[in-house]
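Peer 1: Structure in structure tokens, see below.
Protein chains in written order, with this note's numbering: chain A, 1 to 693; chain B, 694 to 1386.
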């Protein structure tokens, strides 16, 4: 960790610029928090009108400070903030948190210029900046609460194993509030604001080095540079710290809102998905999901699989848990006959000993049933995770025994165990024993499924560096022949074809290729040939080929399009039309898209995104997620398709677009005709765009 | 309402059979509840060992009672319960609630027989039975709490506008618990148990007649007979009472669990979906969704549309609300320039006056901003619903003013307004003013979306009677010619074709139809022709047709299949292969399925279900929900397809399968080739199964 980042997390000394005696002012609240939350470093205030502020020594200017503090808070507005940053940098301060707003988030030229100036003067002096427009940083591990959030007045802090790093001020403290209400301690609640210098990603990387942390939560509205976030993920992955991220602006409406309020550049959402997945980061759908599984993460369980056992005193909960498990992709485990026999010897005859296990309302008259069957289940190797549903209990039940038996069971299995309990009084003894409790079985199963799937994602993560993004610039389209040649030279199989400049050449091509053939007009000016009648399929003889040539040359010349020739290509048989495309994302670099192909790829999209570098196994995984995936293995007696050949073609495309010096701006190969296993695949048509500068 | 149902809801007198002095016993708790919750009718107990039970007069036998009570509770086990029901029926009791278990839910022959016997003796005498295995009925409007649920001890009741009717005991009280915790009053918490006589549907119909009710919640595990539920929906629909139902057993695993614990027959889940939709009932995905939007229903709002406005002091909440709205199918409303100008005059320059409206943290220093902009928004006709997000506030803010301003705003617009507030203290004044509050914007938007979509569903509901289910029986398959003939006679356009018994007839058919033709072997023994080489496409002359005839006759005869002839049919061009199928659901009667057609309808399903009676508009609505729907209007310059012709064909199929005396057990018409608008559609292949008895 660099000294400036250390100064953000654990400064030895802090100065507040624009300090106020009023703890409800932005320049006053951090002082109050530093006093209240036990910060033990040196604290200074700067205010030309005071000699003491909230008990802290106060100086008229930064020059007058007795030392260069490690960290500074800037709480003065506009130009004064830029001046303060300049002086702090000159004084040798390591990091400063600029709370002042009115900069980049306003999208005004002066605001943006002020923000750029702060970064530049800071960087030139080796100082780093959090903000501007930052609500501040809060570390409850050491009391370094450089924040003006009112949330820490409303909801008392408690140090703990969770860290929150957020661009948004509100989203740094709302997860804090939700977790604190559940009794969970939160060490960090950091808001980075406009991210003009230190970004969420970079700060997350510093936080991830804290060995006490067991869960890191992120809120992001835009990812202008994925590298620091990937670094943070690598650090977290190396030490087994799970990261859950809420990246908002998923939808066009959300991106529009993000643009309005921060001027942030929108990221292509499924590239974000792929990036987070590759780095082992779970992407929460919303705020609820961001914090839903926290208790499970804090237990430190390592789920071995997804097979679920559900146990309840309500048959309805059993049914609903099974529905929820199916929905969440968790199979209901099949218990061994011996386990069932052991349970049958204990439970009443009308109970169910298949999983889900319905103890029935008999639990009301015999609270021991629960503890009696759990050991049998614990010994069964068929299950990976458990949900205990007790929708109704109370005074008539020995709830303490249920909680104790469940805790013993969790201890004995070492596997994830969660409870679904609606009544607070029944939930309390479970919580006291450290068992995660949810109100409903669906929420319990869904948290368990997230936790399990996240661990699978962590195990499969490849926190490798992305291929760098390239600057956008002027582009030119290659014609079909040129596009196919580019692909062929990269190792992608393309349809046998000849580019013909005369009708005689076309006739000769027919003779050489053998009928039937496809004839297509070739022009770097025409991307959509069919609409102009520039595609003729299934021509059976020389005359037809010659006639097609003549017609297409006329069409192109009459239309004022470049006439690059006419392509005569073999008619190839195959099983399914797929597609592979690629483009260069301005933030994440080259990306490759594969999917079902043909005429309707835009109208009926079925595609998956691959982030280079990737290998054939990644392509196979992406293929298995397509809607058309069931066809690949062969249905209705058909043989499987040649996915290996397709995967090889896709990795060739990946290599082509990521090669050093590659000028490929985008490409679209559609269709790629795939044959049965062993028959390969072949690109029938392609359009490549290259940058020209 | 019949007298027995009135006796369930508002009995003038009640007897408990198997009464106990111990209020924690099944036979004791109802007596305690009747005393505690203010029941004002006459209460008797039957127990041969006592003369008084919990203060209520107690008699040795049913015979000895001074009158025939209107309602009875049976809390004695096994055969004694059947005896009690027999005697109660003989005594003239109107309705009895059998709490005893060990009957149909055990799936044992004796259990099932006992249950059947109870129903029979009751019905013969005009008495009706709730249960057996029922946790009981609870009416907090009049204190008629004939229930042994412990929940009413744990969570004190309060009468209110919500009713819960559930097969499961737990699911009758868990929604109660969740609502009571939110301060909402619940009048009914009824559990019907095994539904041997009075079902959830029938009881729901009785409850729906209560004019005080504003929301009816149902939990169902199986629907053995949809008619009473449809009746309940009709009653509720007529008086504007919304019904939300949780029907579990959606997935194979859930259905398996339901079978294990109640022996219930599984319903085909998407038929349930269609049935509930047609009847205006919202289907909740899980327990959380069952109760999530309750506060909105209780407000009695009538949403006019889906256009949403989001307002927050956090830009992040604005972004997340926009994402959530898009996900939930609510467009972000475009506010009028005048509205924006009014807001711009009030809000700071860095605030956002496009929707979502970001007031920014400036709200902290000026609590009046909120109330200042709301009137402008209220005057804008562009919005149908509102979400107010205040993720962070507290002592520094005038939270009372926010709540008051929001309540005034809701009053002024008369439109749905919900708040998303994480901090309890901030939420409290909103709740006090009757505003629905959710913890997160995603939950707020999702409840609003459900509420809005449910009102659309209610407006579109057609609570018409279903076509009766028919008994399953032996079936026979018609060959292709017979199947096409059946469809043609029903008015479905079929491909021009001839069934030929000789090669000469086939040659003549070619001449008459004109080439190219399709030739297909025809046999009532062969459902899958392609696999046997019994389909030849694109034959261009008489000789090829004749040869195909000879080959197919040989294939069928060699294979030992009936040789019904060879079909020679025209090759028809069209735009897309669709399909229409029908089968007879054992519970819901005939159902029709439409979808994308072709070879892979099972592997890549894209279909929608229609419940007869339906009309062309219903078919169009179903078509619009298909994945392939975007193609229907024409993409990439194509003309639209002839959906009217297809809808007409589907209504013809609907009429065919629902005609009185119809013997159609199932049919599968695939493909139905659809042409461009005006070109019609035509069935190319079909298989019809008929019942033979």
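The beta-carbon is built from N, C-alpha and C at its ideal position, and this holds for glycine as well.
For residue 283 of chain A, I'd like the list of residues in its chain whose CB is within less than 7 angstroms of its CB, leaving aside the five on either flank, ordered along the chain.
Peer 2: Position 283 of the first chain holds residue 283 of chain A. Result list for residue 283 of chain A: 245, 247, 273 and 276, in chain order.
Peer 1: How many angstroms separate the CA atom of residue 57 of chain A from the CA atom of residue 47 of chain A?
Peer 2: Numbered from its first residue, the first chain carries residue 57 of chain A at position 57. Numbered from its first residue, the first chain carries residue 47 of chain A at position 47. Going from the Cα of residue 57 of chain A to the Cα of residue 47 of chain A covers about 10 angstroms.
Peer 1: Between the alpha carbons of residue 587 of chain A and residue 115 of chain A, how many angstroms are there, rounded?
Peer 2: Locating residue 587 of chain A in the first chain gives position 587, counting from the first residue. Locating residue 115 of chain A in the first chain gives position 115, counting from the first residue. In a straight line, the C-alpha of residue 587 of chain A is about 21 angstroms away from that of residue 115 of chain A.
Peer 1: Whole beta strand (DSSP E) runs in the region 517-594 of chain A with 3 or more residues, listed along the chain?
Peer 2: Within the region 517-594 of chain A, the complete beta strand (DSSP E) runs of at least 3 residues are 517-521, 535-539, 566-570 and 576-585.
Peer 1: Return yes when the Cβ of residue 607 of chain A is within less than 8 angstroms of the Cβ of residue 589 of chain A, no when it is not.
Peer 2: Translated into the one-based positions of the first chain, residue 589 of chain A becomes position 589. Translated into the one-based positions of the first chain, residue 607 of chain A becomes position 607. No, the pair does not count as a contact, with Cβ atoms beyond the cut-off.
Peer 1: Would residue 600 of chain A count as contacting chain B if we go by Cβ distances under 8 angstroms?
Peer 2: Numbered from 1 along the first chain, position 600 holds the residue referred to as residue 600 of chain A. Chain B contact via Cβ: present.
Peer 1: Consider the Cβ of residue 981 of chain B: report whether some Cβ of chain A lies at a distance smaller than 8 angstroms.
Peer 2: Residue mapping note: residue 981 of chain B aligns to position 288 of the second chain, counting from 1. Judged by the 8 angstroms Cβ criterion, residue 981 of chain B is in contact with chain A.
Peer 1: From which residue to which residue does the beta strand (DSSP E) around residue 146 of chain A run?
Peer 2: Position 146 of the first chain, counted from the first residue, corresponds to residue 146 of chain A. Residue 146 of chain A -> beta strand (DSSP E) spans 144-147.
Peer 1: Quick one: list the residues of chain B neighbouring residue 631 of chain A, beta-carbon separation under 9 angstroms, in chain order.
Peer 2: Here residue 631 of chain A refers to the residue found at position 631 when the first chain is read from its first residue. Here the neighbours are 1293, 1296 and 1297.
Peer 1: From the DSSP output, in three-state form, read off residue 851 of chain B for me.
Peer 2: Reading the second chain from its first residue, position 158 is the one you call residue 851 of chain B. Note: residue 851 of chain B maps to coil in three-state DSSP.
Peer 1: Using a C-beta cutoff of 8 angstroms, does residue 827 of chain B count as contacting chain A?
Peer 2: Against the second chain, residue 827 of chain B aligns to sequence position 134. No, because no Cβ of chain A sits closer than 8 angstroms to the Cβ of residue 827 of chain B.
Peer 1: Going along chain A, which residues have a C-beta under 9 angstroms from residue 846 of chain B?
Peer 2: Position 153 of the second chain, counting from 1, holds the residue named residue 846 of chain B. Result: 394, 395 and 396.
Peer 1: Can you tell which of B:1183, B:1116, B:1074 and B:834 has its C-alpha closest to the C-alpha of residue 1090 of chain B?
Peer 2: The residue you call residue 1090 of chain B lines up with position 397 of the second chain. Here the closest residue by C-alpha is B:1116.
Peer 1: Kindly identify the DSSP beta-bridge partner or partners of residue 386 of chain A.
Peer 2: Position 386 of the first chain, counted from the start, is the residue given in the question as residue 386 of chain A. Per DSSP, A:309 and A:417.
Peer 1: Am I right that residue 392 of chain A and residue 793 of chain B are in contact with their C-beta atoms under 8 angstroms? What's the rounded C-beta distance?
Peer 2: Taking the first chain and counting its residues from 1, the one referred to as residue 392 of chain A is at position 392. Taking the second chain and counting its residues from 1, the one referred to as residue 793 of chain B is at position 100. Contact flag wrong, Cβ pair sits at about 19 angstroms.
Peer 1: Can you check whether the C-beta of residue 824 of chain B is within less than 8 angstroms of a C-beta belonging to chain A?
Peer 2: The count along the second chain starts at 1 and reaches residue 824 of chain B at position 131. Output row for residue 824 of chain B: interface = no.
Peer 1: For residue 864 of chain B and chain A, any beta-carbon pair shorter than 8 angstroms?
Peer 2: Within the second chain, numbered from 1, the residue matching residue 864 of chain B stands at position 171. With 8 angstroms as the cut-off, residue 864 of chain B counts as an interface residue toward chain A.
Peer 1: Are the region 1001-1010 of chain B and the region 1068-1076 of chain B touching, with three or more C-beta to C-beta distances below 8 angstroms?
Peer 2: Cβ pair count under 8 angstroms is three or more, so yes.
Peer 1: Extract the residue ranges of the beta strand (DSSP E) inside the region 875-949 of chain B, only unbroken runs of 3 or more that lie entirely within it.
Peer 2: Runs found: 879-884, 908-913 and 936-940.
Peer 1: For residue 1301 of chain B, which beta-bridge partners are listed by DSSP?
Peer 2: The residue given as residue 1301 of chain B occupies position 608 in the second chain. Its beta-bridge partners are B:1287.
Peer 1: From the beta carbon of residue 1047 of chain B, is the nearest beta carbon of chain A less than 8 angstroms away?
Peer 2: For this step, residue 1047 of chain B is matched to residue 354 along the second chain. Taking Cβ atoms only, chain A reaches closer than 8 angstroms to residue 1047 of chain B, which makes this a yes.
Peer 1: Which class does residue 335 of chain A belong to by DSSP, given the choice of helix, strand or coil?
Peer 2: To locate residue 335 of chain A, count along the first chain from 1; it is residue 335. Looking at residue 335 of chain A - three-state DSSP - the assignment turns out to be coil, as it is neither helix nor strand.
Peer 1: Let me know the secondary structure DSSP gives residue 438 of chain A once reduced to three states.
Peer 2: On the first chain, position 438 is the one that residue 438 of chain A refers to. Looking at residue 438 of chain A - three-state DSSP - the assignment turns out to be strand.
Peer 1: Among A:49, A:63, A:25 and A:73, which residue has its Cα nearest to the Cα of residue 43 of chain A?
Peer 2: Taking the first residue of the first chain as 1, we reach residue 43 of chain A at position 43. Residue 43 of chain A has its Cα closest to that of A:73, out of A:49, A:63, A:25 and A:73.
Peer 1: Using CA atoms only, rank isn't needed, just tell me which of A:164, A:225, A:106 and A:147 is closest to residue 466 of chain A.
Peer 2: As a working mapping, residue 466 of chain A is identified with position 466 in the first chain. Nearest option by C-alpha distance: A:225.
Peer 1: Apply the 10 Å Cβ neighbour rule to residue 1229 of chain B and answer buried if 16 or more other Cβ atoms are within range, or exposed otherwise.
Peer 2: Against the second chain, residue 1229 of chain B aligns to sequence position 536. Buried: at least 16 other Cβ atoms inside 10 Å.
Peer 1: How many Å lie between residue 1253 of chain B and residue 1171 of chain B at the Cα?
Peer 2: Within the second chain, the letter at position 560 stands for residue 1253 of chain B. Within the second chain, the letter at position 478 stands for residue 1171 of chain B. When rounded, the distance between both Cα atoms is 17 angstroms.
Peer 1: Specify the secondary structure class of residue 630 of chain A as computed by DSSP and reduced to three states.
Peer 2: For the purposes of this step, residue 630 of chain A is identified with residue 630 of the first chain, where counting begins at 1. DSSP places residue 630 of chain A in helix when its eight states are reduced to three.
Peer 1: Beta-carbon of residue 1019 of chain B versus every beta-carbon of chain A: anything under 8 angstroms?
Peer 2: In the second chain, counting from the first residue as 1, residue 1019 of chain B sits at position 326. With 8 angstroms as the cut-off, residue 1019 of chain B counts as an interface residue toward chain A.
Peer 1: Could you pull the DSSP bridge partners for residue 754 of chain B from this structure?
Peer 2: Translated into positions along the second chain, residue 754 of chain B becomes position 61. For residue 754 of chain B, which the question treats as bridged, DSSP gives no partner whatsoever.
Peer 1: Quick one: is residue 1058 of chain B buried, meaning 16 or more other Cβ sit within 10 Å of its Cβ, or exposed?
Peer 2: Taking the second chain and counting its residues from 1, one reaches residue 1058 of chain B at position 365. Answer is exposed; the Cβ neighbour count stays below 16.
Peer 1: Given residue 33 of chain A, which residues of its chain have a CB within under 7 angstroms of its CB, disregarding the five upstream and five downstream residues?
Peer 2: Locating residue 33 of chain A in the first chain gives position 33, where the first residue counts as 1. Around residue 33 of chain A: 145, 147 and 152.
Peer 1: Comparing C-alpha positions only, which one of B:1286, B:1332 and B:926 sits nearest to residue 1316 of chain B?
Peer 2: Position 623 of the second chain, counted from the first residue, corresponds to residue 1316 of chain B. Looking at the Cα atoms, B:1286 is the closest of the given residues.
Peer 1: Any beta carbon from chain A within less than 8 angstroms of residue 929 of chain B's own beta carbon?
Peer 2: For the purposes of this step, residue 929 of chain B is taken as residue 236 along the second chain, with counting starting at 1. False, the Cβ-Cβ gap to chain A never drops below 8 angstroms.
Peer 1: Please determine, among B:913, B:990, B:835 and B:1023, the residue with the shortest C-alpha to C-alpha distance to residue 880 of chain B.
Peer 2: On the second chain, position 187 is the one that residue 880 of chain B refers to. When each option's Cα is compared against that of residue 880 of chain B, the closest is B:835.
Peer 1: When DSSP labels each residue in this structure, what does residue 294 of chain A get in the three-state scheme?
Peer 2: Numbered from 1 along the first chain, position 294 holds the residue referred to as residue 294 of chain A. Correct three-state label for residue 294 of chain A: helix.
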